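Its first residue numbered 30, the sequence shown is counted upward by one per residue in the working numbering.
Where is the CB? At the ideal position from N, CA and C, for every residue including glycine.
Values in this document were obtained by computation on a predicted structure and should not be read as measured data.
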Amino acid sequence: MDLSTRLGPLRLRSPLVAASGTVGSVADFAAVASLQAYGAAVAKSVTRTPRPGLPPPRLAPVASGMLNGIGIQNPGIEAWLKTVAPGLASLEVPVWGSAAGETADEFAEVAAGLAAGGVAAVEVNLSCPNLEGRMFSLDTEAAAAVVSAVRREVLVPVGAKLSPNAQDIVAVAGAVAEAGADFVVLTNSIWGAAIDSSTRRPLLSGVIGGYSGVPLRPIALRCVFEVHRALPELPIVGCGGVRRGEDVVEYLLAGASAVAVGTVHFAEPRAGRRIVRQLLAYGRKHGVERVEELVGAVEPW
Ligand SMILES: Cc1cc2nc3c(=O)[nH]c(=O)nc-3n(C[C@H](O)[C@H](O)[C@H](O)COP(=O)(O)O)c2cc1C
C-alpha cells in the first residue's frame, strides 16, 4: 500500500504524525524511536518566554488513559532557536513547530520564530488544557484572531489544533479555516481530573489536566466525522487514542488525511513502526493500494 497522503499543501510520506508534547523536541525522541515511520513529527509547544511548567506530579496513568498537567514547559522561542532549530535539518523526518501563547501577538511572534528556525509547518496550539486564561479554541472569534495573526507572519503551512471541549467544533474549524488555516488537528486532550482516595489529593498538582489515550478516540473521532461532513474540503489530522493500525484506518475513513499518535509513545516509543506494519497488513488484507483511498470512505448505514 502506498502510504503517502496529501494534507492541504503538504505531501506526507506516511499518514502517521508524532503528536506534540509526546516526542520532546523530536531530536530527543530520535534516539529511542524510528522517525522513518512518520510523515511528520511535531515538537513540543513553544511560547514567547520560557515556562518552567507546573510542579510535579504532572503525569498520572488513569483508567485506560493518561492525565497530564505539564503546563507547556519549554525554553521560550529565543532559546529554542539556539538549541533545537539547528538540529532539525539532520533529523529523518520533517518537523512541525507548535506555537502556544496568551495573546494573538504572542502566537504570531512564536510562529515567526519557528518558521525562521526551519520547521515544515506550524501547528497553532489553541487547545492546551493546562494554560491560564480562556482556551482559544472554545471561542470562534478568539481562535480565528490567533490564526489570522499567525498567517500574516509565516509562509509555511499552518494547522490549528482544536479542543474536543469546544461546544461547536464545526463552527471553530470553519472560523480557523476562514482565517487561513491550511488544516486542523482534531483533537488535543480533553479536560479531566482524578483523586487519590488514600491521600485525598488530586493526581495532578494542577488538579485539572488533559486526558488522553484510548478513551479519547471515540470523542476525537466524532469531531473528525462532524468537521469532515460539514467542511469536506478542509484537511484534517485525526488525533486521540491511536494505538494500532486499525485505529489509523478508522480516522482515515471518518475523513482525516493524516493521523497523529501521542500517549502510546510513553509506553512504547517505537509504536510508530509497529502501527505502520499493521497499516500495511490491513492494506494487503483488504486490497487497498493507496492510503488516500481510505480518506472519508466510511460506508453509510
Ligand atoms: C504529556 C503530554 C504532553 C502534551 N503536550 C502537548 C503540547 O505541548 N502541545 C500540544 O499541542 N499537544 C500536547 N499534548 C496533546 C497531544 O499532542 C495529543 O493531542 C493528545 O494527547 C491526544 O492524543 P493521544 O490520545 O494519542 O495522546 C500533550 C499530550 C501529553 C500526553
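Complete runs of the alpha helix (DSSP H) confined to the stretch 119-145 [at least 4 residues] = 133-145
Can you tell me the Cα-Cα spacing of Arg258 and Gly325, whole angstroms?
-> Here residue 258 is taken as the residue at index 229 of the sequence shown, counted from 1. Here residue 325 is taken as the residue at index 296 of the sequence shown, counted from 1. Approximately 9 Å between the Cα atoms of the pair.
Distance, Cα to Cα, Arg229 vs Glu262?
-> The residue you call residue 229 lines up with position 200 of the sequence shown. The residue you call residue 262 lines up with position 233 of the sequence shown. In a straight line, the C-alpha of Arg229 is about 48 Å away from that of Glu262.
Pick from Ala145, Ala171, Pro244: whose alpha carbon is nearest that of Asn154?
-> Stepping through the sequence shown from its first residue, residue 154 is reached at position 125. The candidate whose alpha carbon is nearest that of Asn154 is Ala171.
Can you tell which of Asp31, Val61, Val305, Val185 has its C-alpha closest to the C-alpha of Pro298?
-> Position 269 of the sequence shown, counted from the start, is the residue given in the question as residue 298. The option with the nearest alpha carbon to Pro298 is Val61.
Three-state secondary structure assigned by DSSP to Arg251 | For this step, residue 251 is matched to residue 222 along the sequence shown. In this structure, Arg251 counts as helix in the three-state DSSP scheme.
Which partner residues does Val266 have in the DSSP bridge list?
-> For the purposes of this step, residue 266 is identified with residue 237 of the sequence shown, where counting begins at 1. Beta-bridge pairing links Val266 to Val214, Ala287.
When burial is assigned at 16 or more other CB atoms within 10 Å of the CB, is Glu161 buried or exposed?
-> Counting from 1 along the sequence shown, the entry for residue 161 is found at position 132. Looking at its Cβ environment, which holds fewer than 16 other Cβ atoms inside 10 Å, Glu161 is exposed.
From Ala222 to Pro90, what distance separates their C-alpha atoms?
-> Indexing the sequence shown from 1 puts residue 222 at position 193. Indexing the sequence shown from 1 puts residue 90 at position 61. For Ala222 and Pro90, the distance between alpha carbons rounds to 11 Å.
Tell me whether Met95 counts as near ligand 1, meaning its Cβ is closer than 7 Å to at least one heavy atom of that ligand.
-> Counting from 1 along the sequence shown, the entry for residue 95 is found at position 66. Checking the Cβ of Met95 against ligand 1 gives yes.
Under the three-state DSSP convention, the category Ser177 falls into = For the purposes of this step, residue 177 is taken as the residue at position 148 of the sequence shown. DSSP places Ser177 in helix when its eight states are reduced to three.
Hey, quick one: how far does the beta strand (DSSP E) through Trp220 stretch, first residue to last?
-> Sequence index remark: in the sequence shown, residue 220 carries index 191 (1-based). That run of the beta strand (DSSP E) goes 219-221.
Nearest to Ser74 by alpha carbon, out of Arg35, Leu143, Leu120?
-> If you number the sequence shown from 1, residue 74 lands on position 45. Ranking the options by Cα distance to Ser74, first place goes to Leu143.
Does DSSP classify Arg229 as helix, strand or coil?
-> For this step, residue 229 is matched to residue 200 along the sequence shown. Three-state DSSP puts Arg229 in coil, outside helix and strand.
Rounded to the nearest angstrom, how far is the Cβ of Gly269 from that of Ala287, given a contact under 8 Å?
-> Along the sequence shown, read from residue 1 onward, the residue named residue 269 stands at position 240. Along the sequence shown, read from residue 1 onward, the residue named residue 287 stands at position 258. About 13 Å; that fails the 8 Å criterion.
Going by Cα to Cα distance, which pick from Ser218, Phe295, Val256 is closest to Pro158?
-> Mapped onto the sequence shown, residue 158 falls at position 129. The option with the nearest alpha carbon to Pro158 is Ser218.
CB of Glu121 to nearest heavy atom of ligand 1: below 7 Å?
-> Position 92 of the sequence shown, counting from 1, holds the residue named residue 121. Glu121 Cβ: outside cutoff for every heavy atom of ligand 1.
List the residues that DSSP assigns as beta-bridge partners of Ala159.
-> Position 130 of the sequence shown, counted from the first residue, corresponds to residue 159. With the sequence shown as reference, residue 159 is identified as Asn, and Ala is not the correct amino acid for it. Paired residue(s): none; Asn159 is not in a bridge.
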